[in-house]
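Start counting the sequence shown at 1; every next residue gets the next number (the UniProt record's numbering).
The beta-carbon is built from N, C-alpha and C at its ideal position, and this holds for glycine as well.
Just so it is clear, the structure is predicted and the values come from calculations on it, not from any experiment.
This report concerns only the one structure given below.
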Amino acid sequence: MLILNPRLSSAVVVDRRKPDSHERLVSSLANAFPASRLHARLRYVEASIADATPTPCTALVSVHACGDLSDLVLKLAAEARSPVAVVPCCHQGLSKARAFAERLNAALADEGTGGSGPSPICPSVAMDVARLELLRRAGFHVHARTIPREITPKNRVIVGAVAAAAAAAAGDDKDDEDGASPGWRSVADTIPASPWKWHVVGS
Numbered sequence: 001m002l003i004l005n006p007r008l009s010s011a012v013v014v015d016r017r018k019p020d021s022h023e024r025l026v027s028s029l030a031n032a033f034p035a036s037r038l039h040a041r042l043r044y045v046e047a048s049i050a051d052a053t054p055t056p057c058t059a060l061v062s063v064h065a066c067g068d069l070s071d072l073v074l075k076l077a078a079e080a081r082s083p084v085a086v087v088p089c090c091h092q093g094l095s096k097a098r099a100f101a102e103r104l105n106a107a108l109a110d111e112g113t114g115g116s117g118p119s120p121i122c123p124s125v126a127m128d129v130a131r132l133e134l135l136r137r138a139g140f141h142v143h144a145r146t147i148p149r150e151i152t153p154k155n156r157v158i159v160g161a162v163a164a165a166a167a168a169a170a171g172d173d174k175d176d177e178d179g180a181s182p183g184w185r186s187v188a189d190t191i192p193a194s195p196w197k198w199h200v201v202g203s
């Protein structure tokens with residue numbers, strides 16, 4: 001995101017352990033994109049994301065956070081009214097998601113699509129649909145996106161930012177026209193749109 005959007009002032013990477021490859025990766029990116037000033041704008045903190053204290057001006061980004069960790073990031077975003085993008089991974093607790101998927105599929109069948117409607121929803125998609133709905137109920141604009149499967153087969157992306165009305169009610173006057181912190185929309189719009197919230201696009 002720092003490379004894509006120069007308006008973002010800094011980024012903090014939070015994980016319990018810094019991998020050995022971190023410095024090499026940052027150096028390679030900094031050499032490839034010298035205008036990004038990556039070294040000056042990026043900081044790594046070895047800690048639990050549960051200890052993070054985001055603000056409405058903090059964009060939370062999580063890639064392949066396993067199981068409940070994705071839900072924790074979304075919870076932090078909802079509580080702090082922060083824009084968020086999550087690429088879920090390792091969907092745990094699929095027994096409950098299966099029941100939700102069955103209800104969604106039954107509702108779609110009741111609509112009488114005549115065989116031209118979406119494919120049946122699988123449990124992992126149902127779980128991510130529920131995550132979208134939780135953000136929506138918290139006052140967020142939400143989007144279901146994907147990234148190319150060549151990058152990762154776990155390619156669904158949950159994108160959300162506080163709706164303008166909710167931000168105004170909270171007294172936040174720093175949001176743009178879509179209720180997102182400055183720079184959020186331009187980055188979010190680089191991710192291809194996807195209909196996965198109603199279709200199976202992977203397990």
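- In the DSSP secondary-structure assignment, Gly160 is bridged to Val84 and Val142.
- Contact between Ala77 and Val87 is absent: CB atoms are separated by about 14 Å, not below the 8 Å threshold.
- Ile158 counts as buried, since at least 16 other C-beta atoms from the protein chains shown sit within 10 angstroms of its C-beta.
- In the three-state DSSP reduction, Ser124 falls in the helix class (H, G or I).
- Under the three-state reduction of DSSP output, Arg137 falls in the helix class.
- The three-state secondary structure of Asp51, taken from DSSP, is helix.
- Under the criterion of beta carbons closer than 8 Å, Val12 and Val45 qualify as touching, at roughly 6 Å.
- Under the criterion of beta carbons closer than 8 Å, Ala50 and Leu72 qualify as touching, at roughly 6 Å.
- In the structure shown, Leu2 falls within a coil segment according to DSSP collapsed to helix, strand and coil.
- Bridge partners of Ser10 according to DSSP: none are assigned.
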